[in-house]
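A.B. asks: Supplied in structure tokens, the structure appears directly below.
Listed below in structure tokens is the structure:
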């Protein structure tokens, strides 16, 4: 059964990741533009499904979309000291435009806190203008030398939320509210069971007081930061003079937040669910839910099978499903099966002349229990009640993927109390989610990273349910207030 | 009644346009970034409605979305001779990135034919890969010194369709198909009755064999090019080596098309429908369909009125409408009315204690017949059947705006046969849609432009129903095969 052109995970995980993307035609390295990628239609359709769900959640929590300039004056980036330090090495700079050298260069936005801060200062005057809750769907640019499709590219697509509030408390509520929106989207739609927590000072966003994060476990035990939500305090308010008159008539700086997720989420999907046969997608973000493959030997049978396939597809589409009928000529059913499996279509329906007689269809899920011959089990579904049965199976598949990912994560989480044990977990390029005590200093964090390549992924939020009792740092033995999450990361 | 802070059209049309945008909070000039704009939430929501409708139409005609790099190697732009000539003066150039000078500069895409041509050459191999039907929603950059919000900005948002075909005939069918998609969207959704035609050689897209266009008439009689669809022939195929093996096994260059509309459409909406009181929007692209304004004198009345307003809003939302209840404090109903009128909300519902008793609501459309006191007529709608009645009135308003725009256009179209008459139409900065004969040469077109500032907007497609009989050029007296459309343009 090893017909797969995809490198097995056990052999080379990084190559497997590239192979899955290539064979599902999700994206490719642009090559001619350093560090950039092209997102192909099948990959972009996943991003559209992600966008649609998140956009609905953002609007339901009172946010409105807007569009700010792609270019930012270089002087803006320099106004917030930590911000420029964090982003300067990654900037792409426009020095020439409209046939002339520019007096002041522009940078292509690596993120938009600065330019949005500028406009907030024009729009906000009174406490009545607050809170101001804005989101932007955009492309951003952070120059990268080592490209990894979806995970690390010079240009990527994302959304960036930017909000301004009259009190710090309201701003920190917003930071956590949007982290929960991300969490819910990832659990419910992407079937990626992320953990919510706070970043260490070292991993904080450049210019923030605090960064919260949702961290997912990939199949190799590494962590992927799936989204972040920042408490910006009054840092950008002070840099860009964003002030409001409070109810007492005094001028105050606003309290700001920002939060974002990117096309990196497609990387998270791949590394959470896919297997050695290719892409696996949860139905809620699958660009195609069901593929119908017509089967026939003689040309005389073809028209009848095609007609029945179209009718089945139409019925399922009426139920709101996205259905493809694969009528490609000169391609055998088996080749079509592999093709759609590699593209991660959750359900395949096979339809031949015999099925027509029985008014039935053969159903095969993308991941199925194996039969006695080691092949994925199929089942016969009747045309009557097909919509209901298909819907049930897709819902169950969504749930199955989440449960499987959660079981995998739990099986690879360990509490570690000694440095020997800690080093052993991360030896030989391996990684797990390690819950260990840490003295809270950047010095220790960096020492641990030097020794093991593992870093503090997050300090879990209270309701994540992890051990919050005190202890001693796994590296220094100094006091620690709670266990934190260590892992190697992407 | 002249409470409007908006400059009347008759006084200064350009200032009126800016005032409408400012008071509806649609967008503003970025200032700090040359020629760029910020699209504010109320303006961006219109763009989202446009996107949603167009995207549905693109997908229904078999197109898929993808994402190509923002940056294009300078050498790519130079590969198609006419293309570089057309775009070179407007390019923004990245010369420095990641802390280093680049060996080869990149330009920020002014349009993506070149970079997409490059990827098409990688993806297309056989006639089985054709047609390839791709669309991209993106930002593009064309450096402008004279900014006009939505109409002419350095950065703008658009969609660009790019397709490849095995025959020229199939490509030209696609060019016209997508022009019709644009036409239908503009008539049915934007209520902008555009005319379909072909561009003169002089106005053609840089690198195309033919450009088709949809032209709308603005309220000052000028034309606005609302969208274009290009037959690229094999020009980019040859420049980027995009070849396929035909059914006979021979290698051929593909035939390509591209087509686009942009945020300029918001400019078209404004200049087609809005009035001296501010923005007017067709319900199908309005970010808010109905605003409910609660009216009360005593605080005791407030809770009851708010509750009834919320209930009405909820009922209308269940019918799929976007409804706002204006509960702002410290603002009188009259001020709220003006505010929402300036924002172009099609329908206002006023709800006070007396209406509660009568289980009714006062309805006022954004544009209404005047009563004997010169005020817009209102009517009483009962809570029972409110959804149906509101729906009817919004549909009627959509139709009214289209009919009004069409009547205006027809009233300002003239057939002209003498040069004196032609010059007179365009004298004193005025413009109409003039149907006149033209000898078909660029030389004459430029002479006419020099004399009157009017240009050939398009040669109408046959089924537009304009006089297609032969005649003599209005300027040179040379033979002409049909009348063409002249106007000043934006």
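Protein chains in written order, with my numbering: chain F, 7 to 496; chain D, 7 to 496.
Glycine is no exception: its CB is placed at the ideal position from the N, C-alpha and C atoms.
1. From the DSSP output, read off the bridge partner residues of residue 165 of chain D.
2. Alpha carbon to alpha carbon, how far is residue 14 of chain F from residue 8 of chain F? Give it in angstroms, no decimals.
3. When you compare each of F:473, F:475 and F:424 to residue 454 of chain F by their alpha carbons, which one comes out closest?
4. May I ask you to report which of helix, strand or coil DSSP gives residue 8 of chain D?
5. In or out: residue 420 of chain F buried (at least 16 other Cβ within 10 Å) or exposed?
6. Helix, strand or coil for residue 403 of chain D? Go by DSSP, reduced to three states.
7. Report yes if the C-beta distance between residue 41 of chain F and residue 159 of chain F is below 8 Å; otherwise report no.
8. Spatial neighbours of residue 374 of chain F within its chain, please: C-beta separation below 7 Å, excluding the five flanking residues on both sides.
9. If you draw a straight line from the alpha carbon of residue 257 of chain D to that of residue 248 of chain D, how long is it in whole angstroms?
10. Could you tell me which residues DSSP pairs with residue 127 of chain D in its beta bridges?
11. Would you list, in chain order, the members of the segment 70-101 of chain F that have their beta-carbon closer than 8 Å to a beta-carbon of chain D?
12. Measuring only between beta-carbons, confirm whether residue 54 of chain F sits less than 8 Å from chain D.
13. Select from the segment 159-192 of chain F all residues with a C-beta closer than 7 Å to any C-beta belonging to chain D, and list them in chain order.
14. Pull the bridge partners of residue 89 of chain F from the DSSP assignment, please.
15. I'd like to know if residue 104 of chain F contacts chain D, where contact means its C-beta is closer than 8 Å to some C-beta of that chain.
16. Taking Cβ positions only, does residue 64 of chain F come closer than 8 Å to chain D?
17. Excluding five sequence neighbours on each side, which residues of the same chain lie with their C-beta closer than 7 Å to the C-beta of residue 259 of chain D?
18. Can you list the residues of chain F that residue 46 of chain D reaches, using a CB-CB cut of under 7 Å?
19. Distance cutoff 8 Å, beta carbons only. Does residue 130 of chain F sit that close to anything in chain D?
20. Checking 8 Å against the spacing of the C-beta atoms, do residue 163 of chain D and residue 22 of chain D come in under that value?
21. With 8 Å set as the bound, which would you pick, yes or no: does the beta-carbon of residue 203 of chain F sit closer than that to a beta-carbon of chain D?
22. Cα separation between residue 511 of chain D and residue 148 of chain F?
23. Please return the same chain residues whose Cβ sits closer than 7 Å to the Cβ of residue 150 of chain F, not counting the five positions on each side in sequence.
24. Leaving out five residues on either side along the sequence, give the residues of the same chain with a beta carbon under 7 Å from the beta carbon of residue 386 of chain F.
25. List in chain order: all unbroken beta strand (DSSP E) runs of 3+ residues lying wholly within the segment 155-202 of chain F.
26. Out of F:444, F:211 and F:352, state which residue places its alpha-carbon closest to the alpha-carbon of residue 406 of chain F.
27. With a threshold of 8 Å between beta carbons, is residue 272 of chain D in contact with chain F?
28. Please go through the same chain and pick out, in chain order, the residues whose beta-carbon is closer than 8 Å to the beta-carbon of residue 229 of chain D, but skip the five residues on each side of it.
29. Can you check which of these residues, D:91, D:127, D:215 and D:131, is closest to residue 105 of chain F by C-alpha distance?
30. Restricting to Cα atoms, I'd like to know which of D:466, D:477, D:388 and D:172 is closest to residue 254 of chain D.
31. Going by DSSP in three states, residue 302 of chain D sits in which element: helix, strand or coil?
32. Who are the Cβ neighbours of residue 156 of chain F in its own chain at under 7 Å, not counting the five residues just before and after it?
33. Taking only beta carbons into account, state which residues of the segment 332-360 of chain D come closer than 7 Å to chain F, listed in chain order.
34. Alpha carbon to alpha carbon, what distance is there between residue 225 of chain F and residue 193 of chain D?
35. Since residue 259 of chain D is in the beta strand (DSSP E), which residue starts that stretch and which ends it?
36. Find the residues of chain D that neighbour residue 124 of chain F, judging by a C-beta separation of less than 7 Å, and give them in chain order.
C.D. replies: So, from the listed chains and residues:
1. On the second chain, residue 165 of chain D is found 159 positions in, with the first residue counted as 1. Paired residues: D:143 and D:267.
2. As a position in the first chain, residue 8 of chain F is number 2, starting the count at 1. As a position in the first chain, residue 14 of chain F is number 8, starting the count at 1. The predicted position of residue 8 of chain F is uncertain, since its pLDDT is 48 and thus under 50; a value taken from the coordinates is nonetheless stated next. When rounded, the separation of the alpha-carbon atoms in residue 8 of chain F and residue 14 of chain F is 10 Å.
3. Stepping through the first chain from its first residue, residue 454 of chain F is reached at position 448. Of the listed residues, the one whose Cα sits closest to residue 454 of chain F is F:424.
4. On the second chain, position 2 is the one that residue 8 of chain D refers to. In this prediction, residue 8 of chain D scores a pLDDT of 48, lower than 50, which makes its location untrustworthy; no coordinate-derived value is stated.
5. Counted from its first residue, the first chain places residue 420 of chain F at position 414. Counting C-beta atoms within 10 angstroms of its own C-beta, residue 420 of chain F has fewer than 16 neighbours from the protein chains shown and is therefore classed as exposed.
6. Counted from its first residue, the second chain places residue 403 of chain D at position 397. Helix, per DSSP.
7. In the first chain, residue 41 of chain F corresponds to position 35, counting from 1. In the first chain, residue 159 of chain F corresponds to position 153, counting from 1. Against a cut-off of 8 Å, the Cβ pair of residue 159 of chain F and residue 41 of chain F comes out as a contact.
8. As a working note, residue 374 of chain F is residue 368 in the first chain. Apart from the 5 residues on each side of it in sequence, residue 374 of chain F sits with its Cβ closer than 7 Å to the Cβ of 382 and 383 in its chain, given in chain order.
9. Position 251 of the second chain, counting from 1, holds the residue named residue 257 of chain D. Position 242 of the second chain, counting from 1, holds the residue named residue 248 of chain D. Near 10 Å, if we compare the C-alpha coordinates of residue 248 of chain D and residue 257 of chain D.
10. In the second chain, the residue the question calls residue 127 of chain D occupies position 121. DSSP, once it has assigned bridges, lists no residue as partnering residue 127 of chain D.
11. Flagged, chain order: 70, 71, 72, 73, 74, 75, 76, 77, 78, 79, 82, 94, 95, 96, 97, 98, 99, 100 and 101.
12. Here the question's residue 54 of chain F lines up with position 48 in the first chain. Closer than 8 Å to some Cβ of chain D, the Cβ of residue 54 of chain F qualifies, so yes.
13. Flagged, chain order: 161 and 163.
14. The residue given as residue 89 of chain F occupies position 83 in the first chain. According to DSSP, which records beta bridges pairwise, residue 89 of chain F is partnered with nothing at all.
15. Against the first chain, residue 104 of chain F aligns to sequence position 98. Yes, residue 104 of chain F counts as interfacial toward chain D.
16. For the purposes of this step, residue 64 of chain F is taken as the residue at position 58 of the first chain. Chain D places no beta carbon closer than 8 Å to that of residue 64 of chain F, leaving this residue out of the contacts.
17. Here residue 259 of chain D refers to the residue found at position 253 when the second chain is read from its first residue. Excluding its 5 nearest sequence neighbours in each direction, residue 259 of chain D has C-beta neighbours in its own chain below 7 Å: 240, 243, 244, 248 and 249, listed in chain order.
18. Within the second chain, numbered from 1, the residue matching residue 46 of chain D stands at position 40. Those are 72, listed as they occur along chain F.
19. Here residue 130 of chain F is taken as the residue at index 124 of the first chain, counted from 1. No, residue 130 of chain F lies away from the interface with chain D (no Cβ there is under 8 Å from its Cβ).
20. To locate residue 163 of chain D, count along the second chain from 1; it is residue 157. To locate residue 22 of chain D, count along the second chain from 1; it is residue 16. Contact check for residue 163 of chain D against residue 22 of chain D fails: the beta carbons are separated by 8 Å or more.
21. In the first chain, counting from the first residue as 1, residue 203 of chain F sits at position 197. No Cβ of chain D is located within less than 8 Å of the beta carbon of residue 203 of chain F.
22. The requested residue 511 of chain D is not part of the displayed model; chain D covers only 7 to 496.
23. Stepping through the first chain from its first residue, residue 150 of chain F is reached at position 144. For residue 150 of chain F, where only same-chain residues beyond five positions count, the Cβ hits under 7 Å are 41, 158, 159 and 160.
24. By 1-based counting over the first chain, the position of residue 386 of chain F is 380. Cβ neighbours of residue 386 of chain F within its own chain (closer than 7 Å, five residues either side excluded): 366 and 368.
25. If we require 3 residues or more, the beta strand (DSSP E) runs fully inside the segment 155-202 of chain F come out as 161-171.
26. Start at 1 with the first residue of the first chain, and residue 406 of chain F comes out as number 400. Looking at the Cα atoms, F:352 is the closest of the given residues.
27. Translated into the one-based positions of the second chain, residue 272 of chain D becomes position 266. No, because no Cβ of chain F sits closer than 8 Å to the Cβ of residue 272 of chain D.
28. Mapped onto the second chain, residue 229 of chain D falls at position 223. Around residue 229 of chain D: 221, 222, 223, 437, 439, 463, 491, 493, 494, 495 and 496.
29. Your numbering for residue 105 of chain F matches position 99 in the first chain. Of D:91, D:127, D:215 and D:131, the smallest CA-CA separation from residue 105 of chain F is found for D:91.
30. Translated into the one-based positions of the second chain, residue 254 of chain D becomes position 248. That would be D:172, whose Cα lies nearest to the Cα of residue 254 of chain D.
31. In the second chain, residue 302 of chain D corresponds to position 296, counting from 1. Looking at residue 302 of chain D - three-state DSSP - the assignment turns out to be coil, as it is neither helix nor strand.
32. Within the first chain, the letter at position 150 stands for residue 156 of chain F. So the qualifying residues of the chain are 33, 269, 270, 272 and 273.
33. Within the segment 332-360 of chain D, no residue has its Cβ closer than 7 Å to any Cβ of chain F.
34. For the purposes of this step, residue 193 of chain D is taken as residue 187 along the second chain, with counting starting at 1. For the purposes of this step, residue 225 of chain F is taken as residue 219 along the first chain, with counting starting at 1. So the two alpha carbons sit approximately 52 Å from each other.
35. Numbered from its first residue, the second chain carries residue 259 of chain D at position 253. Secondary structure note for residue 259 of chain D: its beta strand (DSSP E) is the uninterrupted segment 257-259.
36. For the purposes of this step, residue 124 of chain F is identified with residue 118 of the first chain, where counting begins at 1. Ordered by position in chain D, the residues that pass the 7 Å Cβ test against residue 124 of chain F are 38.
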